[in-house]
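Everything below concerns the one structure shown next.
Number of protein chains: 2
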Amino acid sequence: MTVMDTTDRKITGLLAEDARRSLADIGERVGLSPSAVNDRMRRLVAEGAIKRFTVDADPTALGLSVTAFLLVALDYETGEEAFTAFADGHPAVAECHHVTGEWSYLVKIRVRDLAGVEAFLSELKARRFLARSQTMIALSTPTERAFTSAEN
Amino acid sequence: MTVMDTTDRKITGLLAEDARRSLADIGERVGLSPSAVNDRMRRLVAEGAIKRFTVDADPTALGLSVTAFLLVALDYETGEEAFTAFADGHPAVAECHHVTGEWSYLVKIRVRDLAGVEAFLSELKARRFLARSQTMIALSTPTERAFTSAEN
DNA sequence: AGTGAAACAATAGAACT
DNA sequence: AGTTCTATTGTTTCACT
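Taken in sequence, the protein lines are chains A and B.
Per the working numbering, residue 2 is the first one in the first sequence, and the count goes up by one each step.
Per the working numbering, residue 2 is the first one in the second sequence, and the count goes up by one each step.
Here's what the structure looks like:
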């Protein structure tokens with residue numbers, strides 16, 4: 002992957018804020034013509050630096066009122082691949098990270114209600130993935146952004 | 002907030018997959034004219050069901066190679082508001098959730114390198130937010146999606 | 001709420017530096 | 001890599017149902 006220059010980063014940042022900005026608008030802010038911005042955007046998408054154009058939807062409006070995090074230690078019998086394939090294919094799974102420390106995986110799920118959390122745990126148990134697990138329900142989430150700036 | 006009907010949910014889902022679809026394209030898929038889709042989209046944005054149009058950027062391409070999760074128990078002296086305000090204002094913080102269980106907050110950060118994790122922890126310590134904490138570094142993340150379907 | 005048409009704005013491509 | 005010009009495509013508004 003080619004490294005992004007400052008202009009690429011500005012463009013990506015502007016799009017992260019508002020992906021409906023016109024090429025002319027972005028061009029003005031970064032000092033390029035609309036066509037040049039278009040070329041760069043295509044390149045960023047082709048290279049995978051921009052994975053996709055999407056909307057930030059309020060999960061609650063979609064009927065997904067509960068966010069929960071599961072710390073899981075996999076059963077020794079379980080192949081990691083079987084678990085990650087299951088997680089990736091499951092509609093409730095928003096994120097699945099292989100992490101350092103006491104636990105193997107941190108899984109973030111979004112479900113309708115607490116019964117949805119229970120159902121998800123039951124699925125994991127039924128498939129014998131779990132050696133042990135710990136569940137944290139999000140009571141509130143003061144911050145949740147798709148984009149993190151690179152100022153650090 | 003008005004409840005979303007099936008068409009609204011379809012539109013939101015289509016936009017989450019690809020926010021650059023034309024009104025005509027979306028209209029065909031949901032059985033409406035471009036104008037009607039436009040009306041609904043405006044309403045969804047106005048109501049906050051669609052929070053914004055954005056891009057899903059690869060953090061690595063932006064120079065943020067490390068994702069880490071911090072479980073934090075706040076110091077008794079710390080006001081929760083002071084902590085959430087700090088987290089929300091910090092550029093490294095991608096998510097901050099108030100959670101049930103042994104820990105008060107789960108914080109997801111994205112930083113350049115491991116030194117960035119250490120720097121963030123130092124900041125928390127310097128501000129005397131921490132009673133105790135636990136850090137998990139993401140070794141790999143098999144799944145990370147902005148959008149979770151409502152099929153559960 | 002939705003349609004269809006016309007006016008307007010944005011994007012994509014070509015020719016060129 | 002970038003610019004400008006233009007054809008094509010997409011969006012917005014409005015009168016009407």
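Cβ coordinates follow ideal geometry from the N, Cα and C atoms, glycine included.
- Chain-ordered listing is empty here: chain B has no CB closer than 7 Å to the CB of A:L125, the nearest sitting near 14 Å.
- Three or more Cβ pairs closer than 8 Å define a contact, and the segment 43-54 of chain B meets that threshold against the segment 5-19 of chain B.
- Beta bridge pairing from DSSP links A:L15 with no other residue.
- Remark: C-beta atoms of A:C97 and B:P92 do not approach each other more closely than 7 Å.
- Bridge pairing for B:H99: A:S141, B:Y106 [DSSP].
- The alpha carbon of B:S66 has as its nearest neighbour, out of B:D114, B:L24, B:V56, the alpha carbon of B:D114.
- For A:M137, same chain residues with a beta-carbon under 6 Å away, outside a window of 5 residues either side, are F70 in chain order.
- Contact between B:P60 and B:R111 is confirmed by a C-beta separation of about 5 Å, below the 8 Å threshold.
- Shown here, B:A69 sits in a strand according to DSSP, grouped into three states.
- The closest CA to that of B:T68, considering only B:A127, B:K126, B:R41, B:F121, is found on B:F121.
- At a cut-off of 7 Å between beta-carbon atoms, A:R41 makes no contact with chain B.
- Close to chain B, meaning a Cβ-Cβ distance shorter than 8 Å, are the following residues of the segment 3-31 of chain A: M5, R10, T13, L16, A17, E18, D19, A20, R21.
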